[in-house]
Structure formats: C-alpha cells, structure tokens
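J.:
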Amino acid sequence: MSPNPIDVSIILNAHCEASFLPRTLESLDEAVRYAQGYGMSCELVVVQDRPDEATRDIFRRRDYSPYVAHKIIEVDNGSLGLSRNDGIAASQGEFIMTADAGDLVSLNIVVENCHAAGAQGDRALFFPQYYLAFGAEPHLYEMYSLDVTTPHALVGSNPFVSRLFARRSQLSGLAFLDHRLFSGLDCDDWRFNLQAVGAGFDLRVVPDTIVFHRKRQGSLPRLADDLSNGAPAYAPLFDPPTFLRRCARWRAAAKEAPASHLIEADVIRGRFLENPVCRELTKAAAELEPAIDPLEIPNLYSFSNLSCGRQAGVVYESICQLVGGDTFDEILLVPFLSSGGGEKYVLHVVTALLEQNDHARLLIISGEPFTAHAWLDRLPPSVVFLDLFAIGAHLDARQRQNLTLRTIQSCGPGARIHVKSCPFALDFLRRFASVLDEHEIIFYRFCDGYGLFYGSWVRSGYEVDFLSECGQYFHKIVTDNDTVKRGDLRLLPHLAEKYKRLYNYVEDEIRPAVARGVQRRVLWASRLDAQKRPELLPLIASELERLAPEIVIDVWGTSVFKSFDAGRLEGHDNLNFCGPFDNFSALRPERYDLFIYTSAFDGLPNVILEAMAAGLGVIAADVGGVHEAVTPGAGLLIDSAPSDGDTARAYAEAIAECYKDPGRIATFREGALSVIAARHTKTLFRESVAELFQLDPNIKTDFIGMLADETNGSDGRESPVVG
4 MSPNPIDVSI ILNAHCEASF LPRTLESLDE AVRYAQGYGM SCELVVVQDR PDEATRDIFR
64 RRDYSPYVAH KIIEVDNGSL GLSRNDGIAA SQGEFIMTAD AGDLVSLNIV VENCHAAGAQ
124 GDRALFFPQY YLAFGAEPHL YEMYSLDVTT PHALVGSNPF VSRLFARRSQ LSGLAFLDHR
184 LFSGLDCDDW RFNLQAVGAG FDLRVVPDTI VFHRKRQGSL PRLADDLSNG APAYAPLFDP
244 PTFLRRCARW RAAAKEAPAS HLIEADVIRG RFLENPVCRE LTKAAAELEP AIDPLEIPNL
304 YSFSNLSCGR QAGVVYESIC QLVGGDTFDE ILLVPFLSSG GGEKYVLHVV TALLEQNDHA
364 RLLIISGEPF TAHAWLDRLP PSVVFLDLFA IGAHLDARQR QNLTLRTIQS CGPGARIHVK
424 SCPFALDFLR RFASVLDEHE IIFYRFCDGY GLFYGSWVRS GYEVDFLSEC GQYFHKIVTD
484 NDTVKRGDLR LLPHLAEKYK RLYNYVEDEI RPAVARGVQR RVLWASRLDA QKRPELLPLI
544 ASELERLAPE IVIDVWGTSV FKSFDAGRLE GHDNLNFCGP FDNFSALRPE RYDLFIYTSA
604 FDGLPNVILE AMAAGLGVIA ADVGGVHEAV TPGAGLLIDS APSDGDTARA YAEAIAECYK
664 DPGRIATFRE GALSVIAARH TKTLFRESVA ELFQLDPNIK TDFIGMLADE TNGSDGRESP
724 VVG
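The working numbering applies: residue 4 is where the sequence shown begins, and numbers increase by one.
(1) What residue from P154, R217, S643 and R166 has the CA that sits closest to F204's CA?
(2) Counting only the same chain and skipping the five closest in sequence on each side, list residues whose C-beta sits under 8 Å from that of H630.
(3) Do the segment 112 to 124 and the segment 161 to 171 touch if we need at least three Cβ pairs shorter than 8 Å?
(4) Quick check: what's the CA-CA separation for F598 versus D390?
(5) Have a look at L107 and T27 and give me their C-alpha separation to the nearest angstrom.
(6) Identify every residue that forms a DSSP beta bridge with N16.
(7) Would you tell me roughly how many angstroms separate the C-alpha atoms of L135 and V280, rounded to the nearest one?
(8) Report the three-state DSSP secondary structure of F163 (helix, strand or coil).
(9) Taking the beta strand (DSSP E) that K479 falls in, what are its first and last residues?
(10) By alpha-carbon positions, which one of G201, I75, R217 and V113 ends up nearest to L143?
(11) Could you pull the start and end residues of the alpha helix (DSSP H) that G121 belongs to?
(12) What three-state label does DSSP hand W559 in the structure shown?
(13) For E20, is the classification buried or exposed, using 16 other Cβ atoms within 10 angstroms of its Cβ as the cut-off for buried?
(14) Count the C-beta pairs between the segment 643 to 662 and the segment 582 to 590 that are closer than 8 Å, then say yes if the count reaches three, no if not.
(15) Can L698 and Q173 be called in contact, C-beta distance under 7 Å?
(16) Use the C-beta contact count for P293: other C-beta atoms within 10 angstroms, 16 or more gives buried, fewer gives exposed.
(17) Check this for me: beta carbons of D557 and N579, under 7 Å apart or not?
(18) Classify A624 as helix, strand or coil using the three-state DSSP reduction.
(19) Please give me, in chain order, every unbroken run of the beta strand (DSSP E) with length at least 3 that falls completely inside the segment 564 to 626.
(20) Using only the alpha-carbon positions, how far apart do R504 and L498 sit?
(21) Rounded to whole angstroms, what's the CA-CA distance from L31 to A93? Just pull it up for me.
(22) So A675 packs on L607, CB below 8 Å; how close in whole Å?
(23) Looking only at its own chain, which residues have a Cβ that is under 7 Å from the Cβ of S566, when we skip the five neighbours before and after it?
(24) Let's see if you can read the secondary structure: which residues bound the beta strand (DSSP E) around R64?
(25) Suppose the cutoff is 8 Å on Cβ atoms and the five residues either side in sequence are ignored; what does the same chain contact list for D229 look like?
(26) Going by C-alpha to C-alpha distance, which of A38, L455 and I61 sits closest to Y70?
(27) Mind checking whether the beta-carbon of W193 lies closer than 6 Å to any heavy atom of the ligand SAM?
(28) Can you tell me the Cα-Cα spacing of L439 and A377, whole angstroms?
(29) Along the alpha helix (DSSP H) that carries S677, what are the first and last residues, could you check?
(30) Any idea what DSSP makes of D205, helix, strand or coil?
(31) With three or more beta-carbon pairs closer than 8 Å as the criterion, would you say the segment 389 to 405 touches the segment 427 to 441?
(32) With DSSP as the reference, label T486 as helix, strand or coil.
(33) Can you look up F246 in the DSSP assignment and give me helix, strand or coil?
(34) Does the structure place the segment 402 to 422 close enough to the segment 327 to 335 that three or more beta carbon pairs sit under 8 Å?
(35) Taking 7 Å as the threshold (C-beta atoms), are Q404 and F431 in contact?
(36) Anyone know if the C-beta pair for A616 and V467 falls short of 7 Å?
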C-alpha cells in the first residue's frame, strides 16, 4: 500500500486485563487478517504498564503470525497517555491506530481507516463512527466529524475519543500528556484532541466503523474518570487568538442548535440498526465476546457527540473576543462587582499591587447573577471586567467553572488569583485549586455567615469547611481583622503560616467634621437586609420615644436581597427613611452626632471605619472584629440579647446615655479619629501590602481614587451594592 513495509502499527495499551485479553487480541487479529486481503500489513506494539503476571503470560504465549512485526514493551508509567506515547515512539508503520486491552474492534476498522487516511493527505485524526459500550454502563455513542461538531464543542466536553487513527509522521509535536491518576485532570485523549485542533488538524469520522468498548469497574480509564475534576489540562487551542482563528469559519453554525436527527436517541439507534454493515459487524463481534448483546441495542441508551452541545464554546469565544490577546498579572474572582466593603477591600489590595507596575493588568471575573454592577464606568483601561454569569447564564455552574479555569490559564499564566468568598469562587476552587499550582492564590476572609435557627443566630461553617479542604493550596489567607484569624486558627492550626491580618484603610475623601454642637441626630447607613438587622430600628425608635424623644435616627440604604420592606420603618416621628446612598461623604456626616450599626455578624465593616474617619462615635453590635476599631474611647459595643426587644432597648439606652453628657460625644469623636490615624490610613495600608507581598513600598500610580466615590458598609461574607 505504501513504500513503508508496515502500513499500520496498532498501539495496544495493557495493564491487568488477563480476563479479557484473548477476546481483544482475537478481534485485532481478525481485523488484521481482513486488511491483508486488501494488501495491507500491520504491526502490533504492546505497551504493558505495570502489568500483572497473568497479563504478561498471555502476551508471552500469543501467536503473532497475522502481523509482519510485533513488539512488547513494559513501562512503569501509571499513565495511559505516557504509555500511548511510548507505543507510538516504538512503532514503525505509516499509520498508527490506538487500542485498549479490554475492547474489541469491528472487522473493517483497519481497512476503512487506511482508505480514509490514504485518500486525504492533509493533517487529520480519524475516529470510529460508533462506540458501542458494553459491561458496566452499556450505551451507543455516535460521532460526527469536526466539520459538524465545530471546535466549540471541544470546550465543554470531549466529543471524540482515545481510539484514533493517524499518519505517524504527522504526529510530530503532538503527545499525550502525563496525567497521573491523582492529578485531578480529565482524560488524556481530550487534551490530545484539543492539542491537535489547535495545531490545525481536522478530526474526521470514518463511516461504518465501530469500537466495542468495555466499561468495567477498576480499569485505568474508569479510575481516571472517577478521579477527574471534569476538565482537561490546558491546551494551546484555548489561547484566545488561536481559538478565534480556528473557530472563525464555524462562528454562525456553532450558535445553532444541532438538528434533532443528530442527537435524538431513537434516531441514533435506528440509524445503527438499519445499517446492514453495522449489524453484521456487531454480530461478528458478539461471536467473540458474549458480553456484547445485539438484542440489547433496540433499548440501549444512545447519544451523539453533539448531545453535549456547543454552548460553552460559544461563550468562550465571547470571552476571547473580550480579552483578545491580553495577559493579566492579577485575577480577581467575585460573586459580582458591588460597592460593598468586601469587594472594595480586595480591590484596595489588588490596586496596591498594580501600583508597583505601570503595565500590570487586572481581570475581574464575576460569576453570580447580578445586574447593578458598581464602578464599571470608573475602571481604568488596565482593568477588564468579565461578567461570566451574564454571558453564560444558560450554562450550568460546572460549565462556568470550566470556563473560569480556561480563562485563567489562557489569559493569566502565572497571575496571582484573588478570591472574594462566594459560592461561585468556592465551588470553582474545590474542583480546581489543586491544578492551579503555578498561581499564587490569595483568599480573603472576613467573617462567617450566620442564619436564624428557631429564633437564634447560628453560625454557618461553610467557609471553615472549605478552608479545611482547600486551604493547603492557598499562599495567603488575608483577613481584615484579628478576631476571625484567631477563631480560625483554633480549628485550622496547620494553616497558621498562611493567615495574614491586613487592616483596611479609609478613603482620603472622607474628612473629619470640624468642632460642632450637638445635633441630636443619629445615622444608620447599610443594607436593608437580614444580616444588618434593620428590623431593630423601629424597636429602637420606640424605646427612644420613651427615653429621649428629641433624638432622630436617619436611615440610609436599600434592600439588595429583597429581604426587607422599607415600609416597616414608617410610623415613627423620630425615624426617617432617607433612601439609597452612593458614598459615605454624600450622607453629610457633619449633620450627625453618632453612628449606629446593628449587624448580626460581620468582619470589620468598612462603613464603621468611614463613620469614624468622619468623626462620628460608633454604637455597634459586638460582633466579629468590630471591637478592634470601636475601642472604649471611640464608642460603645452592644451585646446581643435573647430577644429583639431587649437588644433594641440596649441600643436606645446607649444612645440616650451618650446625650446625657455632650462631652462624651466629643470624646468619642476624638477617639474615633485617633483609631483611624493610627491604623487605617492609605499610607499604612500600602506599606503593609508591600511587606505582605515583599514589594517595593514606593507608590508609582494611584487609580483606586477612581473607585472612591462609591462605597457602603462592609458586609463581611456577602457583597451587595447599596444605591
């Protein structure tokens, strides 16, 4: 058939399959004998990867007369991919065909592949039309060529398989990756196929060819699947310019839903059963392997390589169009971009890092549903915002996580990854933290969430459990207060070296009020949501009507999570609901004497620091790290009481007590300003970041001020936007 005396080298991977090998080898022998009738010669290259003695013995005793040559090599890879590479390297044929020791093949598979590959000289990999799986998970899988699936289908799943046929000389530069079973990465063949498409190969299906694929517990492929996180290793196809170039001709087709006859199970089964060639090939295989039962096919679970869709690839193409060929030094994962204190804290850190390099770039990836993103019109050119949920809302969470991984790997090789806690980020890291070992992961920890359990606030251990599982992969766990750090280390002492406390700073735009008389007005400004306990405000107002009716509380904020009706604040002359606010300075804090904060749980809220920087004494719940700022000279702390009424009474009594001695309000003002000056200035913050990340403390640029005119109170674990 060709000048090469060996037309096809069959690369047979083996491990410990003695129970099945005789039928596999007989199936290959028959395909080789059939090929001989067409003047084709074949070589068998057996790669035994950590075999048992029974498997070795079968290969020692085997008759290899159907082959013009055979080789048996033994390796210690523990890797399907590396073993395939070893077999290909040892082969001599014009073409190679991969095989697995538990599977059978259709009689015509060598002949039809040779005809297809020999007639087409361009670079291509060839695959069987059908995978008929038998054993543990029987099914019928129909494949279509890349021209039908489009490269987009390779992003969300592997529409092709490991059983391929190719011209050996064209495989130079392609190799199966070393995926150890515990690497966390998905099957080698997915990455190999991605690599091929990125290098310009076509992927083609050879009609009327079948692999009879044994599905069994304990096999290397099955174990690899079980240990996989559902995504292959990075491949050059994911490079945005490469992906855009390879997908250009299919851009419109990829957005269309596959025709029903390509994906419907009944049609797929019918097409197979109505094909006399497929029927005869199946009967012949069943004579060799009793586990292949043609009678099961009419009811067999059936699907095609278009069944998983191309939507993930279409979304990834949109991502590639957004980022272009840019690379990023810092990547931030957030639920959404809000003006909340949590997001602002992380942005402060990232900005301090970007200031060290005029050319550094930041990619913000938002992964949860939200429409009122803050600051988008204020982000400098060096920052790109990707609303992954908005462009991928029709995908499931795992697909969006896969796209997050692809985006990080393609656009931020070696970038630092900053993580604001949220379900999107935590679920992503549970799957992929172990494979992001080339990245420095910084996890930001503010506080635990709490929820009401039969009238009591009960802590959620979600983040602590997450850190127990994934904390080992993080380079730093940065907190904005010492309280959460101390609490965590009682439970997670092995992570002590990773925990770093970094106090936030207050924007320079907030100026302390000049000396003033008593205003008899109190400020409350935060989210009108469950965590902040706005339901206490009418109760506090009622108590103040009794204790000090001349004192008025102004309430600023809005309900982000729609968990509180602002109408509940009506009906009290001393309680005014003023609506949403954009930033603390806009509240004109000089009109107030005190700031009250009623949160059920928190870290060290940014809004408290802003109030103190404006010269307001603070009366706040003694939760989280609040006491680290609200010292005895800067305000009063309130312990939560068994009932809302008792807690509200404690707030009202504290407010009234302050007004009995106006000098106390002035003392709190001075104490608040002293705390801010001692620990929460921009200069101190930047010096601390430089020390934490071992950077040059000299500041080169400043664009965080662009974000300074929108802010609200820190919410710790949650991140809403107010206003």
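Idealized CB from N, CA, C, for every residue including glycine.
T.: Per the coordinate set shown:
(1) The option with the nearest alpha carbon to F204 is P154.
(2) T486 and L640
(3) yes
(4) Spanning the two alpha carbons is a distance of roughly 35 Å.
(5) 5 Å
(6) V50 and D103
(7) 14 Å
(8) F163: coil per DSSP, three-state reduction.
(9) K479 to T482 is the span of the beta strand (DSSP E), which, as asked, contains K479.
(10) R217
(11) I112 to A122
(12) strand
(13) buried
(14) no
(15) no
(16) By the neighbour-count rule (16 or more Cβ atoms within 10 Å), P293 is not buried but exposed.
(17) yes
(18) strand
(19) 578 to 582, 597 to 600 and 620 to 624
(20) 13 Å
(21) 19 Å
(22) 14 Å between Cβ atoms; not a contact.
(23) So the list reads D532 and A533, once near-sequence residues are dropped.
(24) DSSP places R64 outside any beta strand (DSSP E); the residue lies instead in the alpha helix (DSSP H), whose first and last residues are E56 to R64.
(25) Note on D229: pLDDT 44, under 50, position unreliable in the model; no value is reported.
(26) Here the closest residue by C-alpha is A38.
(27) Here there are no bound small molecules, and the ligand SAM is not part of this structure.
(28) 29 Å
(29) Segment P665 to R682, the alpha helix (DSSP H) holding S677.
(30) strand
(31) yes
(32) helix
(33) helix
(34) Flag = yes, the segment 327 to 335 and the segment 402 to 422 touch.
(35) yes
(36) no
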